[in-house]
Amino acid sequence: MRVLVAEPDCESANSLRQHMRRHGYETEIADTGAGALGSYQEYDLLILDLELPDVDGLQVCRSIRTTSDIPIIAFTSHGTELDRVLCLQAGCDDCLVKPFGFRELVARIEAIMRRIRPRAMRSRRLSHGPLHIDRDRREVYLHDTQVKVTRKEFDLLQFLASQPTTVFSREQLMTEVWGASLPGGALGSNIARTIDTHVGTLRNKLGSSEWIITVRGVGFRFGGVQQC
124 MRVLVAEPDC ESANSLRQHM RRHGYETEIA DTGAGALGSY QEYDLLILDL ELPDVDGLQV
184 CRSIRTTSDI PIIAFTSHGT ELDRVLCLQA GCDDCLVKPF GFRELVARIE AIMRRIRPRA
244 MRSRRLSHGP LHIDRDRREV YLHDTQVKVT RKEFDLLQFL ASQPTTVFSR EQLMTEVWGA
304 SLPGGALGSN IARTIDTHVG TLRNKLGSSE WIITVRGVGF RFGGVQQC
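Quick note on numbering: the sequence shown equals residues 124 to 351 in the numbering used here.
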């Protein structure tokens, strides 16, 4: 299982990563909220310090919950009932008060994963007609033949395919898939070109422009299977 730890304190983060890896968890560190928002989609679990240097941890959780049901365990140095309530209301699955024991953390991880495993097993593979997207292996198959895609091409395709009825603007795709913050909502020509290039490459690899539909004046949506 892949775990992302969002922890700004380098010593604490490295210690937690070492403990997690000893217990068989593939663990990486993000030391900012922006880093967590930019990479959480590649992981199965997020352990989130609510006291991040750039973005409020509760806001990080709220932002993730708009597009993902990844399990989130938050931890904070504030142990009041209100803090725990706000944490859960923001979308966290559990909340720990620092300092906490590593055994307790592992027990809570196991409890959460037991609870969500049936849901996760249903959702880890996306299928749309002949197109299959394996989120665990990060592989794409079309008519049972693997389509070789880059990391960002996979992220873009699975993001669109996971919400096939939604039209996403280029700004939304840059924020959700690339994790980029766009000052004032401005989308520069270079950024727009990056998205258009990835869309074009995916269409070529999938053999049809109908898998990703351009909605003029708005952005893109997943095309479904009726055209293929």
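Note that CB positions come from ideal geometry on N, CA and C, so glycine has one too. These figures come from a predicted structure and were not determined experimentally.
Let me confirm a value: residue i is counted as buried when at least 16 other C-beta atoms fall within 10 Å, else exposed. Which label applies?
i, result
"residue 308", "The predicted position of residue 308 is uncertain, since its pLDDT is 47 and thus under 50; a value taken from the coordinates is nonetheless stated next. With fewer than 16 other Cβ atoms within 10 Å, it is exposed."
"residue 132", "exposed"
"residue 276", "buried"
"residue 130", "buried"
Can you tell me where the beta strand (DSSP E) with residue i in it begins and where it stops?
i, result
"residue 255", "254-257"
"residue 149", "149-153"
"residue 218", "217-220"
"residue 277", "Run containing residue 277: none in the beta strand (DSSP E); it sits in the alpha helix (DSSP H), 274-285."
"residue 128", "125-129"
"residue 189", "That residue, residue 189, is in no beta strand (DSSP E); it is neither H nor E in DSSP."
"residue 198", "195-199"
For residue i, which of the options has the nearest alpha-carbon?
i, options, result
"residue 291", "228, 343, 322 and 153", "343"
"residue 346", "200, 154, 253 and 182", "253"
"residue 216", "202, 225, 326 and 185", "185"
"residue 325", "315, 205 and 279", "279"
In terms of residues, what are the limits of the alpha helix (DSSP H) holding residue i?
i, result
"residue 250", "Per DSSP, residue 250 belongs to no alpha helix (DSSP H); it is in the beta strand (DSSP E), 248-251."
"residue 298", "293-299"
"residue 208", "204-212"
"residue 138", "133-145"
In the DSSP assignment, what residue or residues form a beta bridge with residue i?
i, result
"residue 264", "255 and 269"
"residue 354", "Because residue 354 is not part of the residues shown, which for the chain are 124 to 351, the question remains open."
Report the residue ranges of all beta strand (DSSP E) runs contained in full by the segment 153-183; include only those spanning at least 3 residues, in chain order.
-> 168-172
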